[in-house]
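Residue numbers (the numbering used here): 34 to 566.
Backbone N, C-alpha and C fix where the C-beta goes; we use that ideal spot for every residue, glycine too.
One structure is given here, and the rest of the page talks about it.
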Amino acid sequence: MRLKPLRPLHSGPLLGVLYLLLWLLLWPTSQPYWMLPYGMRFGALLLLPVRSWGWLLGAELIAAAGMTLHEGSPMGWSGYLLGDLPEPLVTAAGLWLLRRLNPHAGASLHNPQETARLLLAAILVVLSTTAVDMGLLTVIHTAAAEDALIHMLGNELLGGYLGVLLVVPVMVLLLRAPPDRHAMAGLALDGLQVMLPAMAILLLLSEQATSQPQFARALSLAPVLFFAFRHGWRGASLAMIVSSLGMTVMDQRLGHEPSAAGYLFLAVAGTGTLMLGSATDALRRSKLRVAEQNTHLAAVNRRLDQLARQLRAAARGNLQADENQRRHLAAELHDELGQNITAIQTHVKLAQARLQQVGMEDISTSINGILAHMRRALHRLLDDLRPAVLDEFGLLRALDEGPIRDLLNAAGISYHTELRGDPRLLDDDTRTTIYRLAQESATNAVKHARASEFRLRLRIGERHGSALALLDLRDNGIGLPERLPRGGRGLQGMRDRVTSLGGLFRLRPVPYGVHLRVLLRSSIESPVTNRNI
């Protein structure tokens, strides 16, 4: 469950009071290189509605005026007007322009691009306020040394950027992108297990090696890197502000003078770890999106596989129904038409003597010829409907010795076969499909290819609990035309048969002729010893 963002108050006066209290709370922490109130002003103007800016700036200016009166500024109200008033106004102008150009600025730090834009905006605004302050200081302190002014403004630039770097990410975390409860628990646990021991070790090293404070400061970066890798930009921002506060407290406790080099290192390290945290968050979200997409694609693939199985089952059912219908029609034609032809031949034979007596013997001969032609046509039709040779001889003998060889030999085409394996491993639909494919290919070779050779190779084996049949058919004819004629259903019918059984149909390119390779998979049947093969 994600924590709800802290919605800013809609009342301007209440916002002003809350901002005033926070500003007064952070003001005592200000140092030459470390301006947390500047970061709070930057974050408030960046994240809160523009309509509340008057109350925020008014509260800060009132607080600054009160502190001027309390501390007794030597320049009086002129120092206040030239020293304290311009900076908030310039910051507000810069952020107003930024929000006009990018309405979503500071909405989150979820990727390195957003973080880089925020930090670049901070640099530009801090440069603007520093440039204005430098101009005013030049006017006020005309006799001041140039080096002193540059040093002062360099400190202001570094302190303002560090204030933004430390405070604004925490404000974004609280107002725009709070972590969920699981992430909060992880942050708290790692804070107790990592950050507190790291701060204790840092304090011990600082006391033992007071002459090398930079070594301790560099070592303080280790827990920040850990939080950046583990918790993204949220962990980096929280760890950075805790580490920098710890270093500042230790410097004051041990009497170390604030060092521009040390705070510059802190600014560079903080920028790098914040960018690293943003990149880690972006990578983590990218991996999550990829995992979700993979899960979705896996579900879609399972659904597609299920639909494919259903389509194959439907196509196989249609193929079985077609074969059953062919078998039934072949039986009906054999029983009815075949018996009628036989009866006609019997009656003609009985009437042959009478026809000879009246000199009409040629009529009986003509009728017998017509009946013989009808019987041969009937046999071809029955073989097309249901190859009886497949039931009588079995698959291997039907391919090697059956009507396919007779058809090719009659057309003057040499027929070569290479048959391996046990057809009893295949189911009846697969055996019938293999024979139909060979029959259709041989018919095409006779009718269209003008081939002189036809080769058939069949290999049947077992792999991973299922039977496989590899059928290879080729001729040396003229090959296929560039555009197949309309109405031709030979190749398409063969492809449909293979697809209905879940097989693979491939028309391989060759310099001449036609080369087909078909792979069929079948559930293994128990071999029956008395079955023809």
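Residue i - partner residues in DSSP beta bridges
i, result
"ARG541", "HIS548"
"LEU489", "THR450 and LEU506"
"GLY76", "In the DSSP output, where bridge partners are listed per residue, GLY76 has none listed."
"TRP67", "GLN64"
DSSP-derived helix/strand/coil call for residue i
i, result
"PRO46", "helix"
"GLY99", "helix"
"GLY224", "helix"
"THR281", "helix"
"ALA484", "coil"
"GLY192", "helix"
"SER555", "strand"
"ASN563", "With a pLDDT of 43 at ASN563, under the threshold of 50, the modelled position of that residue is not reliable, and no figure is offered here."
"SER399", "helix"
"GLY310", "helix"
"GLY494", "strand"
"ALA164", "helix"
"ALA569", "No answer is possible for residue 569: the residues shown for the chain start at 34 and end at 566."
"ALA501", "Per the sequence shown, residue 501 should be read as Leu rather than Ala. Looking at LEU501 - three-state DSSP - the assignment turns out to be strand."
"SER270", "helix"
"GLY91", "helix"
"HIS264", "helix"
"SER319", "helix"
"LEU169", "helix"
"PRO202", "helix"
"GLY305", "helix"
"HIS143", "coil"
"PRO514", "coil"
"GLY445", "coil"
"MET393", "coil"
"PRO420", "coil"
"HIS607", "With the chain running from 34 to 566 in the structure shown, residue 607 is simply not present."
"GLY535", "coil"
"LEU118", "coil"
"PRO456", "helix"
Distance, residue j Cα to residue i Cα
i, j, result
"TRP67", "VAL275", "14 angstroms"
"GLY224", "LEU271", "10 angstroms"
"ALA92", "LEU191", "25 angstroms"
"THR162", "SER253", "30 angstroms"
"GLY493", "LEU552", "A small fix is needed here, since residue 493 is Ile in this sequence, not Gly. Those two C-alpha atoms are separated by around 10 angstroms."
"ASN404", "LYS382", "Before going on, a small fix: residue 404 reads as Leu here, not Asn. Each residue's alpha carbon lies about 12 angstroms from the other."
"GLY87", "GLY49", "9 angstroms"
"LEU370", "LEU423", "22 angstroms"
"VAL282", "THR313", "30 angstroms"
"VAL628", "THR328", "Outside the modelled stretch of the chain, which goes from 34 to 566, sits residue 628, for which no answer is possible."
"LEU207", "GLY72", "15 angstroms"
"GLY303", "PRO256", "12 angstroms"
"LEU411", "HIS548", "31 angstroms"
"LEU186", "PRO136", "30 angstroms"
"LEU556", "ILE467", "The displayed chain sequence assigns Ser, not Leu, to residue 556. Their Cα atoms are separated by approximately 15 angstroms."
"LEU142", "ARG132", "16 angstroms"
"ASP213", "ARG267", "11 angstroms"
"ARG335", "ALA341", "10 angstroms"
"LEU452", "LEU491", "5 angstroms"
"LEU222", "PHE262", "15 angstroms"
Chain D within 8 angstroms of residue i, Cβ atoms only
i, result
"LEU278", "Checking the listed chains, one finds no chain D in this structure; it contains a single protein chain."
Any alpha helix (DSSP H) of 4 or more consecutive residues that is wholly inside the stretch 326–386
With a minimum length of 4 residues, the continuous alpha helix (DSSP H) runs that stay inside the stretch 326–386 are 371–383.
Assess, as a yes-or-no matter, whether the stretch 42–56 is touched by the stretch 164–173 under the definition of 3 or more beta carbon pairs within less than 8 angstroms.
Three or more beta-carbon pairs separated by less than 8 angstroms are not found between the stretch 164–173 and the stretch 42–56, which leaves the two stretches without contact.
Counting Cβ pairs closer than 8 angstroms, one from the stretch 470–478 and one from the stretch 524–533, do we hit at least three?
As far as the Cβ criterion goes, the stretch 470–478 touches the stretch 524–533, which means the pair count is three or higher.
Count the C-beta pairs between the stretch 335–351 and the stretch 297–306 that are closer than 8 angstroms, then say yes if the count reaches three, no if not.
These segments do not touch.
Can you confirm whether the stretch 492–503 touches the stretch 449–466 when touching is taken to mean that 3 or more C-beta pairs between the two stretches lie within less than 8 angstroms?
At 8 angstroms Cβ cutoff, the stretches touch.
Measuring CB atoms only, is the stretch 116–135 touching the stretch 151–162, in the sense that at least three cross pairs come out at less than 8 angstroms?
The stretch 151–162 and the stretch 116–135 touch, with three or more beta-carbon pairs separated by less than 8 angstroms.
Count Cβ pairs between the stretch 70–82 and the stretch 303–322 that sit closer than 8 angstroms; are there 3 or more?
Contact between the stretch 70–82 and the stretch 303–322 is absent, because fewer than three Cβ pairs lie under 8 angstroms.
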